Each structure stands twice: as structure tokens, then as C-alpha cells.
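Protein chains: 2
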Amino acid sequence: MLAVLRLGHRPGRDKRTTTHLGLTARALGADRLILTRRDPEVEASLAAIQDRWGAGLAVEVRPQWRPVIRDWKGTKVHLTMYGEHLDEVVPRIPRGRDLLVVVGAEKVPPEVYQLVDHNIAVGHQPHSEVAALAVFLDRFLVGAGLRRPFDGQLRIIGSPRGKRVAASPGRPLPGAERASSNQE
Amino acid sequence: MLAVLRLGHRPGRDKRTTTHLGLTARALGADRLILTRRDPEVEASLAAIQDRWGAGLAVEVRPQWRPVIRDWKGTKVHLTMYGEHLDEVVPRIPRGRDLLVVVGAEKVPPEVYQLVDHNIAVGHQPHSEVAALAVFLDRFLVGAGLRRPFDGQLRIIGSPRGKRVAASPGRPLPGAERASSNQE
Chain A
1 MLAVLRLGHR PGRDKRTTTH LGLTARALGA DRLILTRRDP EVEASLAAIQ DRWGAGLAVE
61 VRPQWRPVIR DWKGTKVHLT MYGEHLDEVV PRIPRGRDLL VVVGAEKVPP EVYQLVDHNI
121 AVGHQPHSEV AALAVFLDRF LVGAGLRRPF DGQLRIIGSP RGKRVAASPG RPLPGAERAS
181 SNQE
Chain B
1001 MLAVLRLGHR PGRDKRTTTH LGLTARALGA DRLILTRRDP EVEASLAAIQ DRWGAGLAVE
1061 VRPQWRPVIR DWKGTKVHLT MYGEHLDEVV PRIPRGRDLL VVVGAEKVPP EVYQLVDHNI
1121 AVGHQPHSEV AALAVFLDRF LVGAGLRRPF DGQLRIIGSP RGKRVAASPG RPLPGAERAS
1181 SNQE
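Chains as they are written, first to last, in my numbering: chain A, 1 to 184; chain B, 1001 to 1184.
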């Protein structure tokens, strides 16, 4: 299992960032998103995408984040620009074990730095937790996350120009989309 | 030059996403961010970060985006989940030429797909333009973007635990930060 723990989500303000974080987790190879606060808007957005494009990311709410980290059976990493550069750490993360990736919003409680096995910097400059998660997952999974299959109502057929969308076998195409059409 | 053209920014709603996009561009190796609408909040956030952590990203506003793409001397790519998978396209992008990376918000005008050299999918699943830009830049620059030096007031010394921040040579540490201190 590869899970992402999102710390410090503020409903309203972080709605889009946390939604992007969840979608990024799903699209780049994570199985699970753990939120520490319930946010119906985020949960509804993620559910709508998974309904259409295929499940793959379990979403759960665990207000007590300390036991989530402490009791995790597997490797625990925290993405922070203060950590060790990912070029150095990623090769040291064991494969074939469960992995928990902790991603904060603004301020992360100091003890998080102590509870994890590795604090990992996706560069030492401020940028975005969404970007950091994406690069980390792409590096850790060596691109395989982006090739993960999904069993959705819709499936994109990659195209040099325009948009090609197909219905998955046995499923009708909803609404406006047409199989293999070149719409934009 | 490596520039990012952000299409379709809606002031207010997209403020944080576009700020994250700009910071990601800067931290992962881009030189320039081109916005098509002025947004003082985004520009102020990016300026504040660059003041503290070092310049590196020129920000300009060009309301007419068509000539930006059309007149670009160099390669032009557009990140879209409908494009060709980046595993296939990235190796075909010439090195040593200027590169324009077009990144949309919600809806991208159909002609963008025609104006660029490559439509590139960072996976064929919906996620985040911030994540897509990050992974694209990391792949295209083979990690070098994340090693780019910045001449800021502050510099992070990567650390397995806690936070170590140093002033750059000849510059005083502002406010609360102390050189090589272990604060969190």
C-alpha cells in the first residue's frame, strides 16, 4: 500500500489544493488518501472523478494523525524543503514495503520531522506540495504510477492533436462524449 | 530559455493554483512565467518569495496569448491529459533550444492543440496542472531543475531532521531565522 497523509487541511481555503493533491496521488500511483479533517467538497470532487475515470484511491478521514504515523507498518516519509534532497533519499527507500507519504499544508508540527523515517526535500526551494508529491511519486515508482490502469467509464486514447475519449468495454459513454471522436 | 505560459487564469479562484504553478516553474528549472491576465496577488506572492529565496523567474503579463505561442522561436509543448504520453514525447523534444510549456486552467481553446509542436500527457488521468508541470520539468531536465542554484537571502541546508537555514554569504539573516539553527 502507498498512502498519502495530508496534514493541516483547512476546509474552504485548501479545498482546491487538497483536491489536486488527491487527484495527483491517484494519478501517480497512490492507493489511499488520509485526511485529518472532513471536507465534503473535497470528498465529493474526488468521488465524482473516480466515478467517471475509475476508482483507485480510497479516501479516509482520521482526525488523530499521530497514531496514523506512529502505528504505520512500513516506511514513513515526510516531504519538506528542509529535508534531505530526494536524489539522495529515494534510492534508500525500501521497495516492496508499505509506504506512507506525509504532506503538510502551511505549518507542520515539529514532531512530524521526528516521527518519520525520512524527511525528503523535492528541492530546497519553496514551491507546492502538489508538485512535491508528484515528483516524489514519479521518482519513487520510476514512472510506473503514470502507467497504472484504471477501470473508468471513460478512457483517453493519447493523441498528438485534439481529444480522443473511449468508453471502457461494456460501459456506455455518458453524456456528450463520443468514442474516438476528435472533440476539443 | 524555458518559459511557462499559463492560460485561463481566473483572478481570485485560481490565485493559489497559479502561485503554486509559478513557484513550481521556478523551483524546477523554468526562467519565465507568462500570465495572460494581471493578478496583483499572484505577482506579489511570487515577488515576495523571490526576494527572500532568490530571483530566477521573470514574470510577465501578455493578454494576447496567440502571438506568444505563434511567434515563439523554439519548441512549443502543451500539457494535457489528452496528449501523447510523456514517456514517448519527452525523448523527442530537442535539447538546446528555447522551450515554451503551455499549461491551461479549466478549458483550453481548441486551437492551442494545433499551435504547439507537441501535446503531452503527464498520464491520461485528470489531476493537476501543477503536478503535470512539475513532472514534465523534472523529466525534461532529468532532475537538474531541482539542483539549480539561487542567490537568495536564505538558503536551506538539507537535513535529516528539523530545519537548517543559512544566510547567503554577505547577507544578513532576516528576522527570526538563525544560521544553521535547528528550528521547526
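Glycine residues also receive a C-beta, built at the ideal position from the N, C-alpha and C atoms.
All values derive from a computational prediction rather than experimental measurement.
- Sixteen is the threshold: when 16 or more other Cβ atoms of the shown chains lie within 10 Å of the Cβ of G1123 (chain B), as they do, the residue is buried.
- With respect to chain B, the C-beta atom of A121 (chain A) has a partner C-beta closer than 8 Å.
- Apart from sequence neighbours up to five positions away, the residues of its chain that approach P1126 (chain B) with a beta-carbon distance below 8 Å are M1081, ordered along the chain.
- The three-state secondary structure of E1088 (chain B), taken from DSSP, is helix.
- Against chain A, the beta carbon of R1026 (chain B) has neighbours under 8 Å at Q125 and H127, listed in chain order.
- Shortest Cα-Cα distance from R1092 (chain B) to any of B:W1053, B:F1150, B:R1139 and B:R1010 involves B:R1139.
- Note on geometry: alpha-carbon atoms of Q1153 (chain B) and A1055 (chain B) lie some 10 Å from one another.
- By the Cβ criterion, the segment 1035-1047 of chain B is in contact with the segment 1013-1020 of chain B, since at least three pairs of Cβ atoms, one from each stretch, lie closer than 8 Å.
- With contacts defined by Cβ atoms closer than 8 Å, H1118 (chain B) and V1142 (chain B) do not form a contacting pair.
- Taking the CA atoms as reference points, L33 (chain A) sits about 42 Å from K1073 (chain B).
- Taking each of B:G1008, B:E1111 and B:R1155 in turn and checking the Cα distance to R1038 (chain B), the smallest one comes out for B:G1008.
- Take E1129 (chain B), set aside five residues on each side of it, and the residues of its chain with a beta-carbon closer than 6 Å to its own are V1103, in chain order.
- Residues L1028, G1029, L1137 and D1138 of the same chain have their beta carbon placed closer than 7 Å to that of G1145 (chain B), with the five preceding and five following residues left out of the count.
- Against chain A, a Cβ distance below 8 Å from P1160 (chain B) picks out G83, E84, H118 and N119.
- A Cβ-Cβ separation of about 6 Å places T1024 (chain B) in contact with L1133 (chain B) under the 8 Å criterion.
- Rounded to the nearest angstrom, the Cβ distance from S1159 (chain B) to E111 (chain A) is 16 Å, too far for a contact under 8 Å.
- By the Cβ-count criterion, Q50 (chain A) is buried, with 16 or more other Cβ atoms from all chains shown falling within 10 Å of its own Cβ.
- Residue environment for K1107 (chain B): exposed (fewer than 16 other C-beta atoms within 10 angstroms of its C-beta).
- Counting only the Cα atoms, F1150 (chain B) lies some 12 Å from A1167 (chain B).
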